[in-house]
Structures are given as structure tokens and as C-alpha cells.
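> Line by line, the protein sequences give chains A and B.
Per my numbering, the very first residue in the first sequence carries number 14; after that it's consecutive.
Per my numbering, the very first residue in the second sequence carries number 7; after that it's consecutive.
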Amino acid sequence: MDVKQRIGVVLLVFCALLVHPVVRAEEAVSITVGSKGFTESVILGEMLRHLARQTGIEAHHQRQLGGTRVLWNALLSGEIDAYPEYTGTLLQEILVNENLQTEIELKQALTRRGLRMTPPLGFNNTYAIGMKAELAERLNLRTISDLKNHPELVLGFSNEFMDRADGWPGLQQGYQLPQHNVRGLDHDLAYRGIESGTLHVTDLYATDAEIDYYKLLALEDDLNYFPVYNAVILYRADVEQRAPEVAAMFNRLAGRINAPTMSRMNAQVKLNGEPESAVAAGFLKQALNLDVDYQIQTAWERFWQHTGEHLVLVGISLTAAIIFAVPLGILAARREHLGPIVLGVAGILQTIPSLALFVFMIPLLGIGGPPAIMALFLYSLLPIIRNTYAGLKDIPPAIVESAQALGLPSRARLYIVELPLATRAILAGIKTSAVINVGTAALSALIGAGGYGQPILTGIRLDDIGLILQGAIPAAVLALLVQGLFELIERGLLPKGLRIQTSGIKGPSL
Amino acid sequence: MLILSQVSKRYGDVLALAPTDLQVPGGETLVLIGPSGCGKSTLLRLIAGLIQPGSGSITFEETRLSSENILQIRQQMGYVIQEGGLFPHLTVHDNVTVMARYLRRDVGWIDCRLNELAQLVRLPEEMMNRFPAELSGGQRQRVSLMRALMLDPDLLLLDEPLGALDPMIRFQLQKELKAIFAQLGKTVVMVTHDIAEAAFFGHTLVLMRDGRIVQTGPFKELAQTPAEPFVEEFITAQREPMAQLVEALKWT
Ligand SMILES: Nc1ncnc2c1ncn2[C@@H]1O[C@H](COP(=O)(O)OP(=O)(O)OP(=O)(O)O)[C@@H](O)[C@H]1O
Ligand SMILES: [Mg+2]
Numbered sequence: 014m015d016v017k018q019r020i021g022v023v024l025l026v027f028c029a030l031l032v033h034p035v036v037r038a039e040e041a042v043s044i045t046v047g048s049k050g051f052t053e054s055v056i057l058g059e060m061l062r063h064l065a066r067q068t069g070i071e072a073h074h075q076r077q078l079g080g081t082r083v084l085w086n087a088l089l090s091g092e093i094d095a096y097p098e099y100t101g102t103l104l105q106e107i108l109v110n111e112n113l114q115t116e117i118e119l120k121q122a123l124t125r126r127g128l129r130m131t132p133p134l135g136f137n138n139t140y141a142i143g144m145k146a147e148l149a150e151r152l153n154l155r156t157i158s159d160l161k162n163h164p165e166l167v168l169g170f171s172n173e174f175m176d177r178a179d180g181w182p183g184l185q186q187g188y189q190l191p192q193h194n195v196r197g198l199d200h201d202l203a204y205r206g207i208e209s210g211t212l213h214v215t216d217l218y219a220t221d222a223e224i225d226y227y228k229l230l231a232l233e234d235d236l237n238y239f240p241v242y243n244a245v246i247l248y249r250a251d252v253e254q255r256a257p258e259v260a261a262m263f264n265r266l267a268g269r270i271n272a273p274t275m276s277r278m279n280a281q282v283k284l285n286g287e288p289e290s291a292v293a294a295g296f297l298k299q300a301l302n303l304d305v306d307y308q309i310q311t312a313w314e315r316f317w318q319h320t321g322e323h324l325v326l327v328g329i330s331l332t333a334a335i336i337f338a339v340p341l342g343i344l345a346a347r348r349e350h351l352g353p354i355v356l357g358v359a360g361i362l363q364t365i366p367s368l369a370l371f372v373f374m375i376p377l378l379g380i381g382g383p384p385a386i387m388a389l390f391l392y393s394l395l396p397i398i399r400n401t402y403a404g405l406k407d408i409p410p411a412i413v414e415s416a417q418a419l420g421l422p423s424r425a426r427l428y429i430v431e432l433p434l435a436t437r438a439i440l441a442g443i444k445t446s447a448v449i450n451v452g453t454a455a456l457s458a459l460i461g462a463g464g465y466g467q468p469i470l471t472g473i474r475l476d477d478i479g480l481i482l483q484g485a486i487p488a489a490v491l492a493l494l495v496q497g498l499f500e501l502i503e504r505g506l507l508p509k510g511l512r513i514q515t516s517g518i519k520g521p522s523l
Numbered sequence: 007m008l009i010l011s012q013v014s015k016r017y018g019d020v021l022a023l024a025p026t027d028l029q030v031p032g033g034e035t036l037v038l039i040g041p042s043g044c045g046k047s048t049l050l051r052l053i054a055g056l057i058q059p060g061s062g063s064i065t066f067e068e069t070r071l072s073s074e075n076i077l078q079i080r081q082q083m084g085y086v087i088q089e090g091g092l093f094p095h096l097t098v099h100d101n102v103t104v105m106a107r108y109l110r111r112d113v114g115w116i117d118c119r120l121n122e123l124a125q126l127v128r129l130p131e132e133m134m135n136r137f138p139a140e141l142s143g144g145q146r147q148r149v150s151l152m153r154a155l156m157l158d159p160d161l162l163l164l165d166e167p168l169g170a171l172d173p174m175i176r177f178q179l180q181k182e183l184k185a186i187f188a189q190l191g192k193t194v195v196m197v198t199h200d201i202a203e204a205a206f207f208g209h210t211l212v213l214m215r216d217g218r219i220v221q222t223g224p225f226k227e228l229a230q231t232p233a234e235p236f237v238e239e240f241i242t243a244q245r246e247p248m249a250q251l252v253e254a255l256k257w258t
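1) Any idea if B/E253 is buried or exposed, counting beta-carbon neighbours within 10 angstroms, 16 or more meaning buried?
2) Less than 7 Å between CB atoms is the rule here; does B/L10 satisfy it with respect to chain A?
3) Given this structure, state the Cα-to-Cα distance separating B/N135 from B/A54, to the nearest angstrom.
4) Return the first residue and the last residue of the alpha helix (DSSP H) that B/V98 is part of.
5) Would a check of beta-carbon distances place A/E39 closer than 7 Å to chain B?
6) Going straight from the alpha carbon of A/E253 to that of A/L394, what length do you get?
7) Could one say the Cβ of A/A411 lies closer than 7 Å to chain B's Cβ atoms, at least one of them?
8) With a threshold of 16 other CB atoms inside 10 Å of the CB of A/A38, please say whether the residue is buried or exposed.
9) Going along chain A in order, which residues have a C-beta closer than 7 Å to the C-beta of B/G91?
10) Cβ of B/M152 within 7 Å of Cβ of B/L123?
11) Check this for me: beta carbons of A/V55 and A/Q77, under 7 Å apart or not?
12) Using 8 Å as the cut-off, can you tell me whether the stretch 179 to 191 of chain A makes contact with the stretch 270 to 287 of chain A, which would need three or more C-beta pairs spanning the two stretches below that distance?
13) Measuring CB to CB, does B/I9 end up less than 7 Å from B/T69?
14) Between A/V451 and A/A492, is the Cβ-Cβ spacing less than 7 Å?
15) Nearest to A/F487 by alpha carbon, out of A/L370, A/L377, A/H319, A/G379?
16) Taking just the CA atoms, how far does A/D176 sit from A/A12?
17) Considering only the alpha carbon of each residue, which of A/V167, A/E223, A/L247, A/A244 lies closest to A/V214?
18) Taking the alpha-carbon positions, what's the A/V109 to A/L212 distance?
19) Leaving out the 5 sequence neighbours to the left and right, which residues in its chain are closer than 8 Å to A/P34 when beta-carbon positions are compared?
20) Please report the distance separating the alpha-carbon of B/M7 from that of B/S63.
21) Let me check you understand the geometry: is the CB of B/K46 closer than 6 Å to at least one non-hydrogen atom of ligand 1?
22) For a quick check, are the C-beta atoms of B/Q221 and B/A233 less than 7 Å apart?
23) What would DSSP say about A/L134, mapped onto helix, strand or coil?
24) Just confirm the distance between the C-beta atoms of A/E414 and B/L52, as a whole number of angstroms; I'd bet it's less than 8 Å.
25) Using a Cβ distance threshold of 8 Å, determine whether the stretch 275 to 285 of chain A contacts the stretch 119 to 133 of chain A, with at least three qualifying pairs required.
26) Strictly under 7 Å for the Cβ-Cβ distance: is A/I361 near chain B by that measure?
27) What did DSSP end up calling B/E122 once you bin it into helix, strand or coil?
28) Shorter than 6 Å, the distance from the beta carbon of B/Q180 to the closest heavy atom of ligand 2, or not?
29) Just the C-alpha distance for A/A458 and A/L501, rounded to the nearest angstrom, thanks.
30) Are any of the Cβ atoms in chain A nearer than 7 Å to that of B/L56?
31) Give the residues from the stretch 104 to 130 of chain B that approach chain A closer than 7 Å (Cβ to any Cβ), ordered along the chain.
32) Does A/Y465 come out as helix, strand or coil in the three-state DSSP assignment?
33) Less than 8 Å between the CB atoms is what I'm expecting for B/L77 and A/P422, so what's the real figure, rounded?
34) Please report the straight-line C-alpha distance between B/V13 and A/I343, rounded to a whole angstrom.
35) With a Cβ-Cβ cutoff of 7 Å, do A/G47 and A/I93 count as a contact?
36) Considering only their Cβ atoms, is the gap separating B/T103 from B/I116 smaller than 7 Å?
Here it is in C-alpha cells:
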């Protein structure tokens, strides 16, 4: 009975810890901006952060969150206060069910949700369909309609473009395109495919830095299929009360960034490797004559920050998983009817693709650390539960029977006999979970929780192998360290009598 | 006094024990014999309350066994399981004293009792801190015996306690055990395969076959007035090797 009570208390404390950061302290005004997972959005996000800081208010930037929906929901729930968006995305995707026609109607729809929108920033980053200029010339292609005559071409589109209604599905119908060989892939990988010739056609943004770099041609949208994608800043209406000067600052961007300027900034970051923060500051100086003092973190500072974030994610989620999974494993082993249920539920959790699990957590816990920790926690349960269960079930019946025959009550049998004998199995389960956890934690960056996934994401976005390795290598090293740590713990915890047995039998070492 | 009335046990389709009546008077040694799989261990497990009978009742010293009182009653029973059942992660010392320590018996008393038992089963002092994996099969059985005797139980349930011993030690220990039982006045239910051992220990022998008691009585009675041909067969089968030995001696 009091085991259940204890579990209940731990559960409550854990949930409270998770929820706590979401219930943020209201006194100190601070602004959090978000950005999508591509360079232009990150630059604009940095710009918003600089602008907010200009007013003396503390500002944070949740960089490259995983997709439009994540940002939109985070904005609605107040976890971020602003992010750069495109009118086309609002009309065609987010609010498509409302069938809005004009900008006025759009503004009204946003107001109903407690949101505001700045006037257009000055560039139309619509989708374009592009291919190597040289290939287009050879095949005599100029418009999207011309693609109809070349079913053999290999098409590769960004995952988002593949999925959204106004993306490939709509385009294919609109133009009656015959190509069947169509792949979804990361936007930045698509450029490499185009360059190497494994891909012929991809989607572009009109302000992409690479159009010039890779010598691409944007095919003419002769049916005017693509809607207008004017860049705007979305922000919460309450910003106007909490920090009116910040809202005013955001609005100063209206009409100040034209397409060539945006293209150039994208190129500065993507092709010249300049930090987004510096590029954004440079623009603000030039266009608005604002002196932004900003700090660029050194590689080491970034490394330590990501290490800290990663360790917190892994540490909390794994500790919680151990606290929950070992008792659950014991429960499963001891209560015949509960065993299949506990193992089944944990098994189902494990079959959810890890990325999906992270995204599922957003409506419940928002963005940032708490949902990432929850997802990692759920993901770490099964190996520990299963090993605890198996470790207890594998104890020879003669030993269990002897313990019973001595008259030891059930709980004493567990602590004195069964758990010590299951130590090796339980620790092996924890080790497995820890290694999985360290690897999966890299995905946390997608929902704004940082960690080693951050340099990996940025590296993919900037096509920078070095940056990817800055995340991948420490993550791998950390996994090895964690594994080593648990081997040491095992050496310390494993009852001496059990070690004798194995050294006598000489099985393969773990 | 241990009384079983109409106790039976079924595993799925297998009737491990048909409804059985049995009485063991205090201070007596009762030996269960019979071929493998006849239900000897099942009977012992039922008495120890490790499995629940399908029917019938078991009464020990006037108390009927139930799930409420079984933990208490087990402290008055010492059980040596067929496979030994020592805890591999605990030393000899800890294996023997685990229950006494759990019950927070006086440390001095525990040490004293441990020494006493070690002398009784002739286990050298220096083995106390070894782990079961570091003992021979015979030594392990002696440790199991010590563990069963630790709390000075009234009833001893021994499932082939001497099975893994070499004949010399076995003979030695048989004598010692019998002396111990007599000296301590224990009620004992013991399982063995060996008819000679059974005859040596048992005031009463219980011969079983296919979950049923075939005959109960002193060895002499079983040998002289077998209830069924099976009783005679069982006894002769065990005599046969001995007869062969005697025969072999004649020829040399
Ligand atoms: N847990 C169980 N599940 C199913 N059948 C069982 C179980 N335990 C025992 N049995 C069956 O019950 C019968 C009696 O088994 P038991 O262990 O009492 O035999 P035994 O007389 O002790 O044999 P041995 O001399 O080989 O130890 C056997 O047929 C056995 O297969
Ligand atoms: Mg048996």
C-alpha cells in the first residue's frame, strides 16, 4: 500500500517539476521570440531579439523550432511572444479552413486569437520551382508547365512542401505534372542532390542564398499557382501591454527588407558562415541606424552550453525513468495480471517514432525542456521495465521457494533476495536506456530544448559538416561515457557472490 | 503433530497428489519414498504452504494452515529444498542467519547458534564467509541444513537433503542427522529415493506412486507384508545392485 503512495508522491513531484518552468514568473518582463528551421527565419528571429533588447527588456530566441505548427501553437499558448511568418502560410495553411481573402480579414482572424501582425517586411518569399540553369536550357524549359513534357525528371522537395496542401500535391494537380519519381527530403540536402545530379527539380524559396551560388533557374509560375508569401512578424497582442516599446520596434521593420537584401543576408550566413546574430545586427545598423551590442559565443562557450543542456535533459529524464521503471518492472513481475499491461503500454510507447513523441508533447507541455524531458522519460522506460521484469522472473524457482520457506514476507524477499539477484539485469536495462536517451536527446533541439542537437540542426541548415560533428561527436562520446559509468556502477553494486559465479563460468563479458 | 486430511493437488491435467490423509506424531521421523514424479516434493511443498491444496486441510500443532498464519508458522518449520536453494549473493554466514537477522534476534545469540550448527554439521569455521559458488555440493547441502535448523524449528521438511553427497560423507551424515533428530526431538518429514536411507531414518515409511500413497508403515512391514506387488518391486529394485555386488565379490 505505501509503495503505491510513495509512487504517487514521486509522480506528483515529477509532474510539478515538469510544469513548473511553464508557469513562468510574471514579474520580470521578458520577451521570447521563435524562429523556424531555416536560415532566413533564424536571422529574422535574431533581429527581433536585438530589437527587443534595444528597449532594455530581456529577450530570448528559441532558434529553429521544428515546423510551422510548433511555432504557431507556441505563440498561441504564450510560450513565445513573436516569430517571423509568411502571409501565404497563414492563409493557405494555418488558417486555411477560414477561407480568408484579404489582408484585412487575415488581421481580424488574428485579432480574434489575441495576435497581431506587422505590415509586410518588404519581400515576398514565395515558393519557386527551380533546377540547374544549364539543364533547363538543354531541355528548353522555362515555365513550370514545360515540366509536363519531361516525366523522366527526378523531383525532390522539402518535407514540408511534400506534405502541405499548397505544396506538391496542389502543384501536381494544378499543372497536371506526370512525374512519379518524387522524394521528400531536407531542403538543404536537396541542393546537394541538385548539384550532384541525382535530383533535377526542387522547391526553392525566392530569397534562397543558393539560387545564385548553385546557378539555378526558378521556373516561371505561369499559372500563378503559388500564393504570395509576404514576410511579416506575428506577435501576441499582450506584448502591446507588457512591452509596448517592443511592439513598436517590431513594426519598425515594416517595408525595410526587400528580397535582394534578404537574399544577401541569407548568403552571408549560409555561404560566408557569418553568425546570424552579426548579420542581423549589421542590417539593423544600416537600415534603422540602431547600435546593437551583441555577443557571439565562442565555440567553447557553445560547447559547454550544449553539454550543460544535454546533461540536464538526460539526467532528469533518465533519473525519473529509473525511479518509475524499476517499481513498474517489479509490479509487472509480481502481479501476474498487471505484467502484460505494463509491458504492453511501455512497448507501445517505444514504437512511437521518437520525433513524433517529441511533437506529441508540445500541446501538453509546450516547447523547450519540459516536453523534451517528458518524451525522453517515456522513451527510457521500456528497457528498464523489461529488464527488471526479466531479471526478477529469471531467478531460479528454487531460490524464490527457499526465501518463501524461510518465512520472509513478500517485501523482505524482494529486498533481501530478489532485487540483489536481479541487479545485473536491471543495470543492463538502465545502461541501454541511458545510451538510447543520450542519442535521442539530440532531437530535443527541434522543440527548443537545446543540447547537442542544436549544432547538428544548424550544421544541416548551413550545410556545415564541421558544425554537425560538433554535436555528433560529443553526443557519441557522452554515450560511451555513460556506458562506462554504468559499468563502473555495476562493478560496485553487483553482489560479490554473483561475480564469483560468472568468473568461474567465463561467459562473454558485457 | 502434523495432520493432513484429504489434501490433494492438481496441476492442469496432472493429479500431482490424490486426496491424501497423513499424520506425523511429534518427535517422529516420517520418510517419503517413491519413484521420481510420484508427488513427494509436492506433498512437502503443501506442508510448507508454498502451494495451496486443491482440497483438504493441513493442521500443524492444532493450527490450521492458512494464508494469514503461514509466515508465522514457517518460522517453526525448517525446509531444505531439493536443489539446496542457497542465495548465491549471500555468504554462508548470511544465508544461514538471514531470517534471524530479519527478525532482529540478538546478535550474540545468532553467533552462538551459528557456531553450534556449524559444529553439528561439521562445517569448518573458515567457510562462513564463503559464497555458495565457492562450496562443494555436499558443503552446500550442509549449509542448507544449518539454515533450516537456525531458528530451532519444531518441524523439519527435508527434500533429499543428502542427495548430492558422496557415499562416505553421506553415511557419516546419516548417522549424525539421526542423532540430531533424536537429540533435538524434532518432527521430521524427509524425502529420499534410497530405500536403505529410508529404513535407516524412518519410524514410518510412506511409499508413494503416481500421486497416491501405496503403503504406510515401518520398513519391516513394507518388506514383509507388501500391500501391492509394486511395493515388493520397489524394494527389490533397490536391493538388486547390492545383490549384484555381493555376487561379484563371490566370483573374485
Ligand atoms: N509447478 C508444476 N506445474 C505442473 N506440474 C507439476 C509442477 N510441479 C510438479 N508437477 C508435476 O507433479 C508431479 C509430482 O511432482 P513432484 O515434484 O512432487 O515429484 P517428486 O516425487 O518430488 O519427484 P522427484 O523424486 O523427481 O523429485 C510430477 O508429475 C510433476 O511433473
Ligand atoms: Mg522432488
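Backbone N, C-alpha and C fix where the C-beta goes; we use that ideal spot for every residue, glycine too.
In short, the structure shows the following:
1) exposed
2) no
3) 29 Å
4) 98 to 108
5) Bear in mind that the predicted position of A/E39 carries a pLDDT of just 47, short of 50, making it unreliable; the figure below should be weighed with that in mind. No, its Cβ sits nowhere closer than 7 Å to a Cβ of chain B.
6) 44 Å
7) yes
8) Bear in mind that the predicted position of A/A38 carries a pLDDT of just 43, short of 50, making it too unreliable to give a figure here.
9) A411, I412, E414, S415
10) yes
11) yes
12) no
13) no
14) yes
15) Sequence inspection shows Pro at residue 487 of chain A; the Phe mentioned does not correspond to that position. Checked all of A/L370, A/L377, A/H319, A/G379; the closest Cα to A/P487 is A/H319.
16) Residue 12 of chain A falls outside the range modelled here, since chain A spans only 14 to 523, and no answer is possible.
17) A/V167
18) 31 Å
19) Reliability of the predicted coordinates at A/P34 is poor, the pLDDT of 48 falling under 50, and no value is obtained from them.
20) 14 Å
21) yes
22) yes
23) coil
24) Incorrect: roughly 13 Å between the Cβ atoms, too far for contact.
25) no
26) no
27) helix
28) no
29) 30 Å
30) yes
31) V104, M105, Y108
32) coil
33) 6 Å
34) 33 Å
35) yes
36) yes
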